[in-house]
Structure formats: structure tokens, C-alpha cells
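Beneath this line is the structure, given in C-alpha cells, with notes to follow.
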Amino acid sequence: MGTSHIFALLSTTALLTACSLEPRYQIPATAPPPVAYREWKPAQPGDAQPRGVWWAAYGDSVLNDLQSRVTSSNQDLKAALARLDQARAQLRGARADLAPTVTASASGSRARTSTNAPQFSSTKPQTQNDLALEGDLSYELDFFGRIRSSVHAARAGAQASAADVAVLDLSLHAQLAVAYFTLRSLDAQQLLLDRTVADYTRALQLTQNLYDGGAVPRADVAQAQVQLETARTQTEDIRLHRAQTEHAIAVLISEPATTFHLEPLPLSVDVQPPPIEIGLPSALLERRPDVAAAERRVAAANANVGVARAAYFPVFRISALGGFESTSGADWITAPARLWAVGPEALLTLFDGGRRRAQTDEARASYDEQVAFYRSAVTTAYQEVEDALAALRQLERESRSQAAAVAASRVQLQQANFRYQAGAATYLEVVIAENASLAAELSAADIQLRRMSASVLLVKALGGGWHET
79 MGTSHIFALL
89 STTALLTACS
99 LEPRYQIPAT
109 APPPVAYREW
119 KPAQPGDAQP
129 RGVWWAAYGD
139 SVLNDLQSRV
149 TSSNQDLKAA
159 LARLDQARAQ
169 LRGARADLAP
179 TVTASASGSR
189 ARTSTNAPQF
199 SSTKPQTQND
209 LALEGDLSYE
219 LDFFGRIRSS
229 VHAARAGAQA
239 SAADVAVLDL
249 SLHAQLAVAY
259 FTLRSLDAQQ
269 LLLDRTVADY
279 TRALQLTQNL
289 YDGGAVPRAD
299 VAQAQVQLET
309 ARTQTEDIRL
319 HRAQTEHAIA
329 VLISEPATTF
339 HLEPLPLSVD
349 VQPPPIEIGL
359 PSALLERRPD
369 VAAAERRVAA
379 ANANVGVARA
389 AYFPVFRISA
399 LGGFESTSGA
409 DWITAPARLW
419 AVGPEALLTL
429 FDGGRRRAQT
439 DEARASYDEQ
449 VAFYRSAVTT
459 AYQEVEDALA
469 ALRQLERESR
479 SQAAAVAASR
489 VQLQQANFRY
499 QAGAATYLEV
509 VIAENASLAA
519 ELSAADIQLR
529 RMSASVLLVK
539 ALGGGWHET
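The sequence shown begins at 79 in the working numbering and counts up one residue at a time.
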């Protein structure tokens, strides 16, 4: 083949490989983002703080240590990283089809030709050797973009897998933060109930003494006993809940639940969630890894449409063969034993019973599916931010009103005890006041937990730690 022919072939290849049947990709349109979040209020001073390691904003060294152990030890996260490695390997495999495939082979055989065979010749020996040493080159000319579309799909799939890792990482850290604050809230409730049990024990003893002196009826002793045992039951239930929460934390950091333990550290109702900079709604889609993953899957589906459409067109290949073949080892690797072949090949499927059309329809339907998932992810992202903002705002108001309720219930209980000891009230009034006071303090602890959890969920809804660039 002359130099001019080779140049013409390469020029034609370069021209034709510029063609692609992959649809031009555009990020699917969604509803215009709102100018501002409805539930948000103007930021307070100190909101704009670094949020790479977002849990550090809570200022809790125990939480920081646990979060670092999630990153290094969680098995679900390691599995997600392994899936990412698989996706990247698939991308490298798809890229490999852009390069020629070169193989080498060597073979040797000794065969006898039948005298009744058509290829039998009386001038040649019936039994002879066949020694071959060959190199083969095969290269598919990507005229219609099938290979490039496959690479685009694999690249988008790898990017989606990377976003999936970020989604799982964010979710695990948020789960741990919520579980940790739940544990601390249970410690606060445990402290409250332990104090309540001690108070009820003293109240029972006082009532028993009054009964022994004939000052109160037997029913008062029974009511005091019921109060005490009910509080003890609540105490044991809190212990159970704490143990299960501690076990859940152990699983998140891949520690045996049998040996893992966190010392009690009550969550104070005076602790405030850290200020969180939320930015503009239009920037949310750039922060959320789940939205990024959904968008990349749309891109992969779009590229797969190009792969399916390319199946309607011929596949062109250039093949080349070179090597040596001989019947004797003595003159095997010599000039006369050389062989070579080079030439193009075209393959076009003329009839397949509708398979290609079905595959194209499937690819387009998959694209439509991924577009719907992407738009749903966008809508859900805005909802989750609004939900968390509404929760933070409302729970802040609840905490203030509940603090007032706790203070009032304490005064009510104190007055009921004075009245009972003075003989001006029945023990039922004391019981009602004690129940109201305990319920108010437990409710305050629950609201505090919900506030801290809502702040964690807001960070998660915003996509976790991020930096302006």
C-alpha cells in the first residue's frame, strides 16, 4: 500500500470519526429556583464560617472523634468506594476501545492429509508440519460515535458513583450526629428521672410517716407508691433506649457493640445549634451530591441513546496480519516464510427482527426515566431544606415557651407540696403537679434534641460541608 493511499485512508478516518449519533446533551430543565427560602430569616453575625468538616461547628470533641472514625472505618462507605473503583475501571475499559487491539500468537501442529480429501496432492507429503508465528492488529473506525458514546456513558456513570459515595458519606455522618445528640438527650432525661425517683422516694417516705401519724389516708401512700414505680419504669425504659442508641453508634463506626461505650454526657437545654449559612436556592443544586448523581445518570442515559442509534449503521474495521509460517523449524523465521495481510472490513446488520429498534426505544425510555428522577431529586432537595428551616424556626419558639412552662410547673409543684404539708390540699393535687413538672422537663429535653437534630438535617439538606470557589 503506497504512502498516498495510507494518507488518504487516515484523512478519511479522521473526517468520518467526527460524526456522532449521540443526542446533544443538555441538563434537563426544572422549575426556576426561588429567590430565597421561604422559611429563612436574615443571617445572624457569624453565619459565614468554614464548613468543610461541618460537625466541628458543634464544638464537641467526642463527636469530632466519632465522626473521624466513621470516615476511616465504616464498612458501608468502604463498599461504596469499591463500587466507585469498579465504575472507574469500567471507564478505562470503555476508553480502551478507542485504541487498536494488537495480539500475538504462535502455534505448531503436525497433520496428515487424507488421500480422499479434496486438498490432497500426490506431489506433497501426506504428513507435514505447520509452524506459525503471527501478529494481528484490529482497529474499529468509530465513524458513527458508538465507542465515544460508550465512553461518555461510562464517564458519567463513574461521576455518578463518585457522587453516590459523597451521598453515603454525608448520610452516615448525619446519622451519627443525630444518634450522638439522641444519646446525650437520653443522658439528660436519665439524670432528670434519677432525680425524680429520688424525690418520689422521699415523698413516699414523708407520706408514709404522715399516714403512720394518722394525718393522711392510706390512699395517699398508694398514690405515692404508684408515682415512684412509674418513674422507675420510665428510668429503665430510658436505659434501654440509650443502650440501643449506643449500639447504633457502634455499628456506624464499625465497633463491636459489646465493647463500645460512651460515658454519660447530658445535653443541656441551654446549648444552641450553631448558625448555618444556607446561601441561595439557586446554588443548592451545585451542593447536593444526590442531585449531582441524578444529573450524571441523565448524561449517561443520553450517551446510551447514541450507542443504540449507532447500531443501525455499519461497523468499519481495519485489520492487519503479519508473521512467519513454515513446515520446518530450520527455515521458520526467514524472509521466504513471511506472510502478511491488511485490509478494511465492514459489517452491517440487515435484519434482526426489531432488536435494534427495541434497544433504541429502551435507551430513550431510560433517558426519560432518569430525567424524571433528576427533577424529583431537585424538588426533594428544596423540600428538605424548607422542612429543616421550618423546624429550626418553630422549635426555637417552642423551646422558649417550654422553658416558661418548666419554670411555672416548678412553682406549681412547690406550692402544692406546701399546701399538702399544711393540710390544705390532698395528695392528688401533689401528684398532678409532680406529673406536670416531670412532663414539662421531659418535653423540654425532647425539644432540645429535635432542635439539634434539625440543625444536622439542615446541613445534610444543604449538601454537607462545602466551600465557595
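Glycine included, C-beta positions come from ideal geometry on N, C-alpha and C.
Residue burial annotation: Ile354 is buried, with at least 16 other C-beta atoms found within 10 angstroms of its C-beta.
Taking 8 Å as the cut-off, the beta carbon of Ile316 is found no closer than this to the beta carbon of Gln237. The secondary-structure analysis by DSSP pairs Leu211 across a beta bridge with Ala184, Phe402.
In this structure the segment 484–504 does not touch the segment 530–539; the number of beta carbon pairs closer than 8 Å is below three. Within the same chain, Leu425 come within 6 Å of Val393 by CB-CB distance, once the 5 residues on both sides are set aside. Contact between Glu403 and Ala415 holds: their C-beta atoms lie close to 6 Å from each other, under 8 Å. The three-state reading of DSSP puts Ser216 in strand, counting E and B together. With a cut-off of 8 Å on Cβ pairs, the segment 223–241 is not in contact with the segment 205–214, counting fewer than three such pairs. Residue pairing from DSSP places Arg190 in a beta bridge opposite Thr205. By the C-beta density criterion, Asp247 is buried, having at least 16 other C-beta atoms within 10 angstroms. Within the same chain, Cβ atoms closer than 8 Å to the Cβ of Leu176 are found at Asp220, Ile225, Arg226, Val229, the five residues on either side in sequence being excluded.
Here Gly186 has Leu209 as same chain residues with Cβ atoms under 6 Å from its own Cβ, once five neighbours each way along the sequence are excluded. Under DSSP, Trp418 takes part in a beta bridge, and its partners are Gly400. When DSSP states are grouped into helix, strand and coil, Val294 belongs to the coil group. If you ignore the 5 residues before and after Trp133, its C-beta comes within less than 7 Å of the C-beta of Leu141, Asn142, Gln145, His251, Ala255, all in its own chain and listed in chain order. For Asp465, the enclosing alpha helix (DSSP H) stretches over residues 433–499. Taking 8 Å as the cut-off, the beta carbon of Ser263 is found closer than this to the beta carbon of Gln526. With contact defined as three or more Cβ pairs closer than 8 Å, the segment 466–484 and the segment 500–520 are in contact. About 5 Å separates the beta carbons of Ser444 and Ala379, which is inside the 8 Å limit, making them a contact pair.
For Ala135, the closest of Trp410, Ile356, Asn382, Pro351 by C-alpha to C-alpha distance is Pro351. The distance from the Cβ of Leu215 to that of Ser397 is about 7 Å, consistent with a contact at the 8 Å cut-off. Contact between the segment 158–167 and the segment 358–375 is not established, with fewer than three Cβ pairs separated by less than 8 Å.
One thing to note: Leu363 has its Cβ no nearer than 8 Å to the Cβ of Ala450. It is roughly 35 Å from the alpha-carbon of Val508 to the alpha-carbon of Ala469.
Judged by DSSP secondary structure, Ile525 falls within the alpha helix (DSSP H) whose first and last residues are 505–539.
For Gln153, the enclosing alpha helix (DSSP H) has its first and last residue at 153–174.
The beta carbons of Arg365 and Leu540 sit closer together than 8 Å. Taken through DSSP and simplified to helix, strand or coil, Arg366 comes out as coil. Our two residues, Arg433 and Phe391, have alpha carbons roughly 14 Å apart in a direct line. Within the DSSP secondary-structure output, Phe259 pairs in no beta bridge. When the alpha-carbon of Arg188 is set against those of Thr179, Thr205, Ala241, the nearest one is in Thr205. By alpha-carbon distance to Ser346, the top candidate from Ala241, Leu269, Val148 is Leu269.
Phe429 sits exposed, since fewer than 16 C-beta atoms from the chains shown fall within 10 Å of its C-beta.
Between Thr260 and the set Arg387, Gly400, Leu340, Ser98, the nearest pair of CA atoms involves Leu340. With contacts defined as CB atoms closer than 8 Å, Gly223 and Leu99 qualify as a contacting pair.
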